[in-house]
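Numbering that gives the first Met the number 0 puts the first residue of the sequence shown at 0, with every later residue one more than the last.
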Amino acid sequence: MSFSPSATNSPLLSTLGLYGRRTALRIHAPAPFGEILAAHLRYFDSQLPYPVEWSETKTTEHALLLENRTLEIWSIPLRHRVPCAGFLFREKCPPLNVEKYKIVKYGLTIAQITAAKRGEDVRLDTGEVIPNAELTYRPYAPRSYAYLSDTNFSAKAAGLCRGVDLLYHEATYAAAEQRAAKERGHSTTLDAAKAAMKAGAGRLVIGHYSSRYKDEQVLVDEARTLFPETYAATEGTTFTIEKRQ
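#1: If you run the structure through DSSP and keep just helix, strand and coil, what is glycine 272?
#2: Give the single residue among Ala175, Ala37, Ala156 whose Cα lies nearest to the Cα of leucine 166.
#3: What do you get for glycine 126, buried or exposed, if any count of 16 or more other CB atoms within 10 angstroms of its CB means buried?
#4: Under 8 Å Cβ to Cβ from cysteine 92, same chain only, skipping five residues before and after it: list those, please.
#5: Among Leu63, Thr69, Arg21, whose alpha-carbon lies nearest the alpha-carbon of valine 51?
#6: Whole angstroms is fine: what's the gap from leucine 245's alpha carbon to glutamate 234's?
#7: Who are the near neighbours of lysine 111 in its chain, counting only those whose CB is closer than 6 Å to its CB and skipping five residues on each side?
#8: Enumerated in chain order, which unbroken segments of the beta strand (DSSP E) with a length of 3 residues or greater are wholly contained in the segment 210-241?
#9: Please state the DSSP three-state secondary structure of histidine 207.
#10: Within this structure, are the beta carbons of tyrosine 146 and valine 163 separated by less than 8 Å?
#11: Would a C-beta distance cut-off of 8 Å place glycine 206 and aspartate 149 closer than the cut-off?
#12: Which whole-angstrom value describes the C-beta separation of serine 209 and threonine 171, a residue pair presumed to lie in contact below a C-beta threshold of 8 Å?
#13: Within its chain, find whatever has a CB closer than 7 Å to the CB of proline 94; leave out the 5 residues flanking it on each side and keep chain order.
#14: Would you list the residues sitting across from isoleucine 26 in a DSSP beta bridge?
#15: Does the separation of the CB atoms of threonine 188 and glutamate 228 fall below 8 Å?
#16: What's the C-alpha gap between leucine 65 and isoleucine 240?
#17: Following the continuous beta strand (DSSP E) through tyrosine 84, name the residue where it begins and the one where it ends.
#18: Which residue comes first and which comes last in the alpha helix (DSSP H) that contains lysine 159?
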């Protein structure tokens with residue numbers, strides 16, 4: 000999630016407590032948000048049943064924020080009037096699995112199965128060598144999602160998201176309002192489409208529309224003139240992140 004100093008997400012903090020959360024919540028956000036969060040916890044959510052841990056996200060750096068066995072989360076520098084960062088979520092490539100019926104077919108030992116999982120070819124007792132590709136498979140193709148909000152068009156940010164399967168990018172204004180977008184630190188529909196093209200994204204979701212637009216489909220249609228796989232970020236809509244073939 001991207002934060003600017005003007006918003007706190009206090010309803011979310013309160014709701015998580017009401018829903019019974021007890022484990023720590025870690026928030027990654029630019030430096031000014033730390034002061035806002037501290038004031039909020041002091042005066043409003045002072046009795047949360049779980050700890051809130053804030054980590055500063057440096058808005059000028061592309062940095063690894065979190066990593067576990069299956070996932071990496073990176074910060075993406077954005078170009079807004081106040082410090083702001085986007086986020087990139089990338090699944091790691093899963094380890095190889097060995098086909099069970101191939102284990103039975105070739106009578107593989109534990110040592111041979113382990114070697115196959117390392118990506119090695121397997122030599123049988125007969126001297127026959129079984130190519131690794133015949134024995135193993137990836138359980139899933141790693142997917143990726145980028146969230147870029149509150150920003151002018153940034154070729155650098157788009158480039159850092161290269162190959163992303165699903166890209167969210169703000170599109171506050173229609174293309175005719177390019178000047179206003181630039182002055183206010185926001186993007187137009189065509190800026191978002193250009194970012195998706197630069198990133199080589201699979202799909203683009205646009206949002207953060209100005210209230211002047213009563214029909215968001217107009218903005219979607221405009222973005223689609225450059226990037227056909229564009230969709231509207233509408234409340235309640237779910238997007239499944241699918242790996243492209």
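Positions of the beta carbon are idealized from the N, C-alpha and C atoms, including for glycine.
This one's a predicted model, so the numbers in the text were calculated from it and none came from an experiment.
The relevant details are as follows:
#1: The chain is shown from 0 up to 244; residue 272 falls before or after that span and cannot be answered.
#2: Ala156
#3: exposed
#4: Arg137, Pro141
#5: Among Leu63, Thr69, Arg21, the Cα nearest to that of valine 51 is on Arg21.
#6: Because the chain is modelled from 0 through 244, residue 245 falls outside the range shown and cannot be assessed.
#7: What sits at residue 111 in the sequence shown is glutamine, not lysine. The residues are Val121.
#8: 229-231
#9: coil
#10: Not a contact, by the Cβ cut-off of 8 Å.
#11: no
#12: 5 Å
#13: Once the five neighbours on either side are set aside, the close Cβ partners of proline 94 are Lys116.
#14: As DSSP reads the structure, isoleucine 26 sits in a beta bridge with Trp53.
#15: For threonine 188 and glutamate 228, no; Cβs fall outside 8 Å.
#16: 20 Å
#17: The sequence as given places alanine at residue 84; tyrosine does not occur at that position. Note, alanine 84: beta strand (DSSP E), 84-90.
#18: In the sequence under discussion, the amino acid at residue 159 is leucine, which differs from the lysine named in the question. Where leucine 159 is concerned, the enclosing alpha helix (DSSP H) stretches over 154-159.
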